[in-house]
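Per the working numbering, the sequence shown starts with residue 63, numbered consecutively. We treat Cβ as the ideally placed atom computed from N, Cα and C, and that holds for glycine. Take a look at the structure set out below.
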Amino acid sequence: MPTPWVEDAFQYKEIKDLSGSSILKTSDVSSFLARDSARTVVAGPKGSGKTLLIKFKRKSLENLGYKLLPENQLLDVAPGKPLAFDDGQLDYIRQHKEFWSILWQIAICIAVIKAHNINENERFDSPLRYILENPYLKTPFQIFANLLHSTPQLFFASMQDFNAIALPIFATVHAQTAVFIDNIDEFFDQHLEHKGRHTIHGQMIHDFWHHAQIGLLLAVRSLSAQNPHVKIFTSIRIEAYNTCKEQLVDLANLKPYILFLRFDKDDLRRIFEQNISIERASQLVEPKSENLLARLFGSDNLHIRHTYTGRLEPIFDYVLRHTRGRPRDLMTLGSHVAHVPAEMRNTQTIRDAVNEAAAELGQTFLVESRPHYRWFDEDILFNLIKSNVISNEQVRKLVRHYDESCPNEYRHSDSPGDAALGDLYECGLIGLPMPRPTTPGMLQHLESVYDISGNATKRANYLPDAKYYLIHPILGSYLLRSGAPVRDSVDSLNIINPLSDWIEDDGMRYVLQADVCDYTRIMENPTLKEAFRKSFEGIISRARDGIAYWEPVGGDGFLLADRSGYLVMRAAAQIAKEMRNSIFNAELRFGMDYGLLRIEEDIETGEKVLSNDIPLQRSRRLQEASAPGQLLLPSYALTALQSYEIDLPIQQVD
Numbered sequence: 063m064p065t066p067w068v069e070d071a072f073q074y075k076e077i078k079d080l081s082g083s084s085i086l087k088t089s090d091v092s093s094f095l096a097r098d099s100a101r102t103v104v105a106g107p108k109g110s111g112k113t114l115l116i117k118f119k120r121k122s123l124e125n126l127g128y129k130l131l132p133e134n135q136l137l138d139v140a141p142g143k144p145l146a147f148d149d150g151q152l153d154y155i156r157q158h159k160e161f162w163s164i165l166w167q168i169a170i171c172i173a174v175i176k177a178h179n180i181n182e183n184e185r186f187d188s189p190l191r192y193i194l195e196n197p198y199l200k201t202p203f204q205i206f207a208n209l210l211h212s213t214p215q216l217f218f219a220s221m222q223d224f225n226a227i228a229l230p231i232f233a234t235v236h237a238q239t240a241v242f243i244d245n246i247d248e249f250f251d252q253h254l255e256h257k258g259r260h261t262i263h264g265q266m267i268h269d270f271w272h273h274a275q276i277g278l279l280l281a282v283r284s285l286s287a288q289n290p291h292v293k294i295f296t297s298i299r300i301e302a303y304n305t306c307k308e309q310l311v312d313l314a315n316l317k318p319y320i321l322f323l324r325f326d327k328d329d330l331r332r333i334f335e336q337n338i339s340i341e342r343a344s345q346l347v348e349p350k351s352e353n354l355l356a357r358l359f360g361s362d363n364l365h366i367r368h369t370y371t372g373r374l375e376p377i378f379d380y381v382l383r384h385t386r387g388r389p390r391d392l393m394t395l396g397s398h399v400a401h402v403p404a405e406m407r408n409t410q411t412i413r414d415a416v417n418e419a420a421a422e423l424g425q426t427f428l429v430e431s432r433p434h435y436r437w438f439d440e441d442i443l444f445n446l447i448k449s450n451v452i453s454n455e456q457v458r459k460l461v462r463h464y465d466e467s468c469p470n471e472y473r474h475s476d477s478p479g480d481a482a483l484g485d486l487y488e489c490g491l492i493g494l495p496m497p498r499p500t501t502p503g504m505l506q507h508l509e510s511v512y513d514i515s516g517n518a519t520k521r522a523n524y525l526p527d528a529k530y531y532l533i534h535p536i537l538g539s540y541l542l543r544s545g546a547p548v549r550d551s552v553d554s555l556n557i558i559n560p561l562s563d564w565i566e567d568d569g570m571r572y573v574l575q576a577d578v579c580d581y582t583r584i585m586e587n588p589t590l591k592e593a594f595r596k597s598f599e600g601i602i603s604r605a606r607d608g609i610a611y612w613e614p615v616g617g618d619g620f621l622l623a624d625r626s627g628y629l630v631m632r633a634a635a636q637i638a639k640e641m642r643n644s645i646f647n648a649e650l651r652f653g654m655d656y657g658l659l660r661i662e663e664d665i666e667t668g669e670k671v672l673s674n675d676i677p678l679q680r681s682r683r684l685q686e687a688s689a690p691g692q693l694l695l696p697s698y699a700l701t702a703l704q705s706y707e708i709d710l711p712i713q714q715v716d
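See below:
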């Protein structure tokens, strides 16, 4: 039986392992899998399914008369890690612009010659003759790794033999041959470290990570032109391509060889639903439902209410915005949900599972992205982020505080705080509202994982100027799990979701005032009187999560103000319930207004003040006119509240 939620294609080690699995066949993927496809290089971010797709390509060529390399495994992968380079090798590699392409061409040619048992060994000098006669060096990656640390003299000798002997022999191979190479990025991972010398692997050159992959792309095109009977299937990271593409003079001729692996929302939903369809019945809430999402989440959970805006989201929208839009992310998230016992799967447990998975994805993505940028001190920076939407003024304060606290090892510029936020913007973990390209309004822009670059020195990496900055949900979830104060002031108007509409604050606020009925009775009881203030303040404090402004009023009342009517009503209902069930057995009466009200905050002290008395006066008069357990509000406020689709006992007055 197929296994759902497979996060790493490494699990598929043999062709038979793929027999019960499927891959989403978009038009581009189908084109790649076609027998006569010219595309042989898959470019995409980590976690996008590059390895799985190449394995399916190999499966499609089984039993079609191809000589497949490697012979005893699906893909030729990195044989360990490269050894240290000395100064002479570093200088030679950096000066020799075609080094990586030629090295890959040599390795692939020799591997193909050996696979077809073409015995011309005596024509070669060392080191290629040594490789041809070594029975343990068979695959391109093994040969590549062996030649990588040749001295400049030996590399030049190998290049001579390649041009004079190996390439002409390679061109005579008429048998259909397919070579499968993967894992180049992981082979050179240590070259992404921003240190002069690695403790094990010697000197590090950041560009090697990029150029080794682009060199393979160039080798594929060159060898394909020499011999169309030999197909070379491989993968490269999109960050390497995006970084180097401006330097590729032959870019137009390279693109026909590349499949840029990319999935839109519909593609990702189909991938997610495919995995639900192969999930065991015992792991599903409604195994027989025709709606695949209902099978996993339950019909009652196909929409989930946002904790702070109060808006209802379709469940897949909620799931998808807690990922970076990669298939592997959905596998992580689906696995977390499936591990919640089916009988316990409800809105809260689903929310907890999604947030935990998103925190894991956030942590993983930070680790993946860190080597591409100059980066920052996470402990300091993240403890300064107190909301999922940050104003320009708040960002300036954050940058000042970070610059003052930043350790020397992270001081890569005059303003390490700007650079740090720029890094987060470049890798898509911080975004900003941008004008729609063709219609009025604003969209939430967060850099797509399919478009990010991997060059730490190409740009200044400063954050673009904007009115607001947005924290990606996976970063927000990671910050919450890490104990950062990101939920201190969560935006109650916008759900942060790439390419969603940005709702500009129109200044309208819901203002609710309440007081305790029969307060005299409580004050006349010495026991209740002594306990009241502390208990009442505790009840209000527990209920005001997300509320932009609150303050006590008199000895027995409070005021709440926020853009989200849902948050205000939720807090009012919770406070009323707790007071009713407390030792005070007290009812509250409520008055609400909806109108223009600015909540102004001192950036340095955090102190907040209200700027308009009219909504305060109206809500106060309505509160004084209401009865125990009753909320009075004007009709226009009721109409505004109805957009939240909430059901609370209220009475309308004109």
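Beta bridge counterpart(s) of residue i as assigned by DSSP
| i | result |
| --- | --- |
| K143 | In the DSSP output, where bridge partners are listed per residue, K143 has none listed. |
| A274 | Answer is none; A274 lacks a bridge partner. |
| V619 | Checking the sequence shown, residue 619 turns out to be Gly, not Val. Note: G619 sits in a beta bridge opposite D577 and V615. |
| A240 | L130 and K293 |
| L229 | None; L229 has no bridge partner. |
| I727 | Residue coverage of the chain in this structure runs from 63 to 716, which leaves residue 727 outside it and unanswerable. |
| M654 | L574 |
| K670 | E663 |
| D105 | The residue you asked about is not Asp; residue 105 is Ala in the sequence shown. According to DSSP, A105 bridges with I298 and F322. |
| L494 | H507 |
| D187 | Looking at the DSSP assignment, D187 forms no beta bridge with any residue, so it has no partner. |
| W564 | M504 |
Rounded Cβ spacing between residue i and residue j (contact assumed at less than 8 Å)
| i | j | result |
| --- | --- | --- |
| L354 | I338 | 5 Å |
| A648 | D580 | 6 Å |
| I533 | I558 | 7 Å |
| S554 | D624 | 6 Å |
| V461 | G490 | Not confirmed; about 20 Å, so no contact. |
| I601 | A633 | That pair is no contact at about 10 Å. |
| T296 | D247 | So it is not a contact: roughly 11 Å between Cβ atoms. |
| F438 | A404 | That pair is no contact at about 42 Å. |
| K108 | R407 | Their Cβ separation, rounded to whole angstroms, is 30 Å, which puts K108 and R407 out of contact at 8 Å. |
| L505 | M496 | 6 Å |
Close beta carbons around residue i, own chain, < 8 Å, minus the five adjacent residues each side
| i | result |
| --- | --- |
| T261 | Per-residue confidence for T261 stands at a pLDDT of 47, beneath the threshold of 50, marking its modelled position as unreliable; the derived number appears in the next sentence. Taken in chain order, the list of residues that qualify is empty. |
| I231 | C171, I175, I180 and E182 |
| K327 | L382 |
| N454 | D527, A528, K529, Y530 and Y531 |
| K129 | A177, H178, A237, Q238, T239 and A240 |
Cβ shell of residue i (< 6 Å), same chain only, five flanking positions each side left out
| i | result |
| --- | --- |
| L136 | K117 and R120 |
| F250 | F270, W271 and A274 |
| H211 | L145 |
| V281 | Checking the displayed sequence, the identity of residue 281 turns out to be Ala instead of Val. If we look at A281 and ignore the five residues flanking it on each side, its Cβ neighbours are S163, W166 and Q167. |
| F94 | R101 and L321 |
| F444 | L541 and A546 |
| A421 | S539, Y540 and R543 |
| N417 | S539 |
| Y380 | I366 |
Other residues of its chain near residue i: CB distance less than 7 Å, five sequence neighbours each side excluded
| i | result |
| --- | --- |
| Y698 | Y656 |
| A14 | Only positions 63 to 716 of the chain appear in this structure, which leaves residue 14 out of reach. |
Residue i: CB within 7 Å of a non-hydrogen atom of the ligand SAM
| i | result |
| --- | --- |
| A404 | As for the ligand SAM, it is missing from this structure, which has no ligand bound. |
*asked:* Going residue by residue through the region 127-184, where are the continuous beta strand (DSSP E) segments of at least 3 residues, counting only ones entirely within it?
replied: 129-131
*Any chance the region 358-369 sits against the region 301-314, with 3 or more Cβ pairs inside 8 Å?*
no
*Between the region 690-699 and the region 649-666, do at least 3 Cβ pairs fall closer than 8 Å?*
Judged by pairs of C-beta atoms under 8 Å, the region 690-699 touches the region 649-666, as three or more such pairs exist.
*Segment contact, 8 Å Cβ cut-off, at least three pairs: the region 70-85 with the region 344-358*: Too few Cβ pairs lie closer than 8 Å, so no.
_Three or more C-beta pairs under 8 Å: does that hold for the region 430-442 against the region 480-489?_
yes
*Using 8 Å as the Cβ pair cut-off and three pairs as the minimum, do the region 162-173 and the region 193-206 touch?*
yes
*Specify whether the region 590-601 and the region 532-547 touch according to this definition: at least 3 beta carbon pairs, one from each stretch, less than 8 Å apart.*
no
*Count the CB pairs spanning the region 281-293 and the region 228-245 that are closer than 8 Å, and state whether there are at least three.*
Verdict: yes, contact present.
*Whole runs of the beta strand (DSSP E) within the region 286-374, excluding any shorter than 3 residues*: Within the region 286-374, the complete beta strand (DSSP E) runs of at least 3 residues are 292-299, 320-322 and 365-367.
*Contact between the region 89-105 and the region 127-142: three or more CB pairs below 8 Å?*
no
*Is the region 186-195 in contact with the region 207-221, if contact means three or more CB pairs nearer than 8 Å?*
yes
_Given 8 Å, three or more beta-carbon pairs between the region 662-673 and the region 630-643_ = no
*Which residue spans inside the region 497-545 form an unbroken alpha helix (DSSP H) run of at least 4?*
Those alpha helix (DSSP H) runs which fall completely within the region 497-545 and span 4+ residues are 535-544.
*beta strand (DSSP E) segments (min. 3 residues) lying fully within the region 383-438*: Fully enclosed beta strand (DSSP E) runs of 3 or longer: not present.
_Runs of beta strand (DSSP E) lying entirely within the region 677-709, each at least 3 residues, in chain order_ = 693-695
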